[in-house]
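Its first residue numbered 0, the sequence shown is counted upward by one per residue in numbering that gives the first Met the number 0.
Below you'll find the structure, written out as structure tokens, and then a few comments.
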Amino acid sequence: MATMKLAEAGHKVKLFSLVPVKRSHSVCAQGGINGAVNLRGEGDSPYLHFEDTITGGDFLNHQPPVMRMAERAPAIIYLLDRMGVPFNRTSEGLLSFRRFGGTLKHRTAYAGATTGQQLLYALDEQVRRWESTGQVEKYEGWEFLGIVKDSNGACRGITAQNLRTMSIEAFACDAAVIATGGNGLIFGRSTNSIINTGAPVSICYQQGVHYGNPEMVQIHPTAIPGEDKCRLISESVRGEGGRVWVPRNPMDTRNAADIPEPDRWYVCEEMDPKYGNLLSRDIVSFIIYCVCRMGKGVRGQQQAYLDITQLHESRGGPYTREQINDKLEGVLEIYEKFMREDPIANPMRIYPAVHYTMGGLWVDYEMNGDGSWDVDSARNQMTNVPGLYAAGECEYQYHGANRLGANALLSCLVGGEIAAQGIQAYMQNLPLQGASEDASGSMLEDARKQRQAEYDHLKSSNGSENPYRLHAELAEVMWNNCGIWRVQKDLISAQAKLDELAARAHQCDMIDDSGWNNQAVPFARAVVNMIEQSKAIVGGAIARDESRGAHFKMDTPARDDTNWLRTTLADWTAGGPKFSYEPIDTRYIPPRARKYAVNQLSIVKKLMGDDFLSGFEAATGTK
0 MATMKLAEAG HKVKLFSLVP VKRSHSVCAQ GGINGAVNLR GEGDSPYLHF EDTITGGDFL
60 NHQPPVMRMA ERAPAIIYLL DRMGVPFNRT SEGLLSFRRF GGTLKHRTAY AGATTGQQLL
120 YALDEQVRRW ESTGQVEKYE GWEFLGIVKD SNGACRGITA QNLRTMSIEA FACDAAVIAT
180 GGNGLIFGRS TNSIINTGAP VSICYQQGVH YGNPEMVQIH PTAIPGEDKC RLISESVRGE
240 GGRVWVPRNP MDTRNAADIP EPDRWYVCEE MDPKYGNLLS RDIVSFIIYC VCRMGKGVRG
300 QQQAYLDITQ LHESRGGPYT REQINDKLEG VLEIYEKFMR EDPIANPMRI YPAVHYTMGG
360 LWVDYEMNGD GSWDVDSARN QMTNVPGLYA AGECEYQYHG ANRLGANALL SCLVGGEIAA
420 QGIQAYMQNL PLQGASEDAS GSMLEDARKQ RQAEYDHLKS SNGSENPYRL HAELAEVMWN
480 NCGIWRVQKD LISAQAKLDE LAARAHQCDM IDDSGWNNQA VPFARAVVNM IEQSKAIVGG
540 AIARDESRGA HFKMDTPARD DTNWLRTTLA DWTAGGPKFS YEPIDTRYIP PRARKYAVNQ
600 LSIVKKLMGD DFLSGFEAAT GTK
């Protein structure tokens with residue numbers, strides 16, 4: 000979006016991508032994009048969308064940017080429609096909307112279950128128009144290595160490496176936008192692509208950019224458990240009527256489809272009859288986790304069922320197979336491909352997996368004196384480094400402590416739009432920012448030489464460590480100690496382990512020293528950056544003595560607005576992250592209890608009981 004908007008405004012844009020642009024990780028977004036278009040006459044509005052987003056984020060999101068996102072959402076959806084995105088439609092030809100978690104409204108526009116792919120392709124077509132005129136120049140297969148700052152600390156360029164030839168170059172710019180996605184690979188088997196190391200965020204963080212709310216990492220409740228990675232089963236399945244359940248007898252050997260209703264435990268519906276299976280992601284994930292931790296998962300395993308069989312007409316449902324496929328095309332194909340089962344005839348087997356990071360690069364915003372959004376401010380979407388902007392999952396601004404489903408594509412597009420507006424305002428005053436400095440001379444060359452020296456040193460390393468084994472250890476530490484259920488002593492243990500891994504990561508033995516298409520050295524470099532980012536994630540979790548959204552800490556299981564209604568800001572130092580905090584802008588809605596009937600602590604009490612809590616407290620020293 001930022002590329003398209005800047006090209007439309009007449010600016011020349013260099014677009015760098017680790018993979019071909021059309022293979023960016025947004026292609027994996029399945030369920031839809033939110034917007035209160037209100038075609039179903041439910042009384043929906045951008046304000047209610049805003050309210051649901053703030054409530055879902057457990058009040059950790061600054062409210063003005065979220066309000067702006069909700070207000071822009073209908074226009075963004077109609078813009079995409081005009082670009083040719085093949086959104087599903089009603090029989091009258093209107094856009095079709097489904098429900099997603101954390102809301103009672105039909106607010107999610109979708110293109111089957113391949114919405115991200117359709118949006119990405121439509122935007123790429125628009126960018127290709129400008130590419131053909133020379134306004135946009137693509138660099139596909141290049142890895143971001145760092146920003147280049149001038150003497151005033153402003154971003155004046157970037158360094159990047161061609162992953163085919165392995166050459167490293169520096170590029171001058173007036174402003175740069177980081178839009179590099181999440182960091183799921185830190186946790187190993189996540190729903191993210193293997194390119195999602197989070198390294199660009201880590202690099203910027205190590206170069207002085209604030210890292211906001213690093214401890215807030217979302218676990219998606221429904222993913223296909225896999226030995227290599229976890230594959231997403233979109234929230235759209237639950238939005239279309241999918242139900243989460245486990246057999247009342249966990250060792251029931253009958254086929255899932257043959258287990259009668261009385262022998263099924265619809266645990267989400269029992270916990271909250273109002274929201275049911277469409278509770279927010281942090282709550283549904285925690286319910287499934289607790290059920291499996293009790294040994295009540297499917298046949299005692301870490302699995303539950305996600306069931307859409309009741310939607311088919313053969314079981315009394317309203318839809319034919321073709322109609323179900325039309326609504327969920329893509330996600331059902333993925334399940335059938337990897338599990339070798341028909342998800343329309345057999346309930347799907349799922350388990351939570353790391354999916355999204357609410358934390359990311361800190362970015363700013365500005366309001367007018369009358370409380371309205373200042374569209375013309377250069378501060379909007381800008382990091383604390385002048386001239387460096389961020390948009391999408393790599394920044395922290397919109398989702399607070401927990402993202403609502405189908406807000407990811409929206410926040411990415413709105414963030415890109417706002418970043419483009421901010422850059423145009425910034426460039427109008429660029430002479431005041433020190434633009435006269437020779438950005439194409441020694442400053443860029445010095446940066447290039449520094450990155451080249453780092454690469455050459457890593458390439459010639461002959462230590463005793465294997466970077467792939469180090470990554471496996473990192474993933475094990477992060478998932479087991481800083482995952483869905485956090486305990487202070489485990490986090491402190493993880494912190495010590497990360498320090499050990501950081502030292503070992505600089506002692507790698509490079510199994511590939513080739514000068515062309517080298518994969519080992521970039522991965523070893525990514526491991527170093529993942530470990531540094533992990534230190535901020537764990538450190539932020541240790542410091543935040545409360546539970547909020549995706550951050551559930553058994554030592555302090557209640558939300559604490561008095562002390563912790565504030566953004567975590569991590570700053571990198573060689574000795575570890577340093578933390579500061581900023582208060583949350585709550586100008587529209589004062590903090591209050593979430594709408595849902597349950598929270599994590601009440602789930603533990605209802606499912607596991609006082610005896611479990613007493614035993615857990617005795618074993619861990621928590622209260």
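Think of the CB as a built atom: it goes at the ideal place given N, C-alpha and C, for glycine as much as any other residue.
Given isoleucine 340 as reference, the closest of Asp306, Trp361 and Asp369 once Cα atoms are compared: The sequence shown places glutamate at residue 340, not isoleucine. The residue with the shortest Cα to Cα distance from glutamate 340 is Asp306.
Completely contained beta strand (DSSP E) runs for the region 210-274, where each covers 3 or more residues: Qualifying beta strand (DSSP E) stretches, in chain order: 216-223 and 242-246.
Beta-carbon contacts of histidine 354 that lie in its chain and below 6 Å, excluding the five residues immediately before and after: Excluding sequence neighbours, histidine 354 sits near Thr190, Gln217 and His219.
Closest to aspartate 281 by C-alpha separation, out of His61, Met66, Met477 and Pro351, would be which residue? That would be Pro351, whose Cα lies nearest to the Cα of aspartate 281.
Rounded Cβ spacing between asparagine 562 and alanine 198 (contact assumed at less than 8 Å): Approximately 33 Å separates the beta-carbon atoms of asparagine 562 and alanine 198; this is outside 8 Å, ruling out the contact.
From aspartate 363 to tyrosine 318, what distance separates their C-alpha atoms? Approximately 47 Å between the Cα atoms of the pair.
Buried or exposed for arginine 543, please, with buried defined as at least 16 other CB atoms from any protein chain shown within 10 angstroms of its CB. Arginine 543 comes out buried.
Evaluate tryptophan 244 with the Cβ neighbour count: other Cβ atoms within 10 Å of its Cβ, from every protein chain shown; 16 or more gives buried, anything less gives exposed. Under this definition tryptophan 244 is a buried residue.
Residues of its chain near serine 435, where Cβ-Cβ distance is below 8 Å and the 5 sequence neighbours each way are ignored: Because the pLDDT at serine 435 is just 41, under 50, the model does not fix this residue reliably, and the value given afterwards should be weighed accordingly. Nothing listed; no residue qualifies.
Between the Cα of glycine 240 and the Cα atoms of Ile287, Gln309 and Gln205, which residue gives the shortest distance? Looking at the Cα atoms, Gln309 is the closest of the given residues.
Measure the Cβ-Cβ separation of leucine 490 and alanine 169 and say whether it is below 8 Å. No, the Cβ-Cβ distance between leucine 490 and alanine 169 is not below 8 Å.
Which value, in whole angstroms, describes the spacing of the CA atoms of histidine 456 and leucine 162? The straight-line gap from Cα to Cα measures roughly 17 Å.
Reducing DSSP to helix, strand and coil, say where phenylalanine 143 ends up. Strand at phenylalanine 143.
Report the CB separation of tryptophan 361 from tyrosine 580 in whole angstroms; it is logged as a contact under 8 Å. Rounded to the nearest angstrom, the Cβ distance from tryptophan 361 to tyrosine 580 is 12 Å, too far for a contact under 8 Å.
Measuring straight from C-alpha to C-alpha, what distance separates isoleucine 53 and arginine 71? The C-alpha of isoleucine 53 lies about 16 Å from the C-alpha of arginine 71.
Inter-residue spacing [alpha-carbon to alpha-carbon] between histidine 10 and alanine 418: Looking at the two C-alpha atoms, the distance is approximately 14 Å.
Go ahead and pull the three-state DSSP assignment for glutamine 432. The predicted position of glutamine 432 is uncertain, since its pLDDT is 47 and thus under 50; a value taken from the coordinates is nonetheless stated next. Under the three-state reduction of DSSP output, glutamine 432 falls in the helix class.
Which whole-angstrom value is the C-beta distance of valine 520 and lysine 458, which I expect to be below 8 Å? Yes, valine 520 and lysine 458 are in contact; Cβ-Cβ is about 5 Å, under 8 Å.
Starting from aspartate 570, trace the beta strand (DSSP E) in both directions and tell me its first and last residue. That run of the beta strand (DSSP E) goes 565-570.
Residue(s) in a DSSP beta bridge with tryptophan 372: Tryptophan 372 is bridged to Met366.
Let me know the secondary structure DSSP gives glutamine 423 once reduced to three states. Three-state DSSP puts glutamine 423 in a helix.
Pop quiz: glycine 329 and threonine 113 are said to be a contact at Cβ under 8 Å. What is the actual Cβ separation, rounded to whole angstroms? About 4 Å; that satisfies the 8 Å criterion.
Relative to the C-alpha of aspartate 560, which candidate in Asn60, Glu7, Ala8 and Arg39 has its C-alpha closest? Measuring from the Cα of aspartate 560, the nearest candidate turns out to be Asn60.
Please state if the CB of glycine 238 and the CB of glycine 55 are separated by a distance shorter than 8 Å. Not a contact, by the Cβ cut-off of 8 Å.
According to DSSP, is phenylalanine 49 helix, strand or coil? Three-state result, phenylalanine 49: helix.
Cα-Cα separation, serine 613 to alanine 557: Within the model, the alpha-carbon separation for serine 613 versus alanine 557 is close to 17 Å.
Starting from serine 492 and walking both ways along the alpha helix (DSSP H), at which residues does that stretch end? Under the DSSP assignment, serine 492 falls in the alpha helix (DSSP H) whose first and last residues are 487-503.
Can you tell me whether DSSP reads leucine 360 as helix, strand or coil? Here leucine 360 sits in strand by DSSP.
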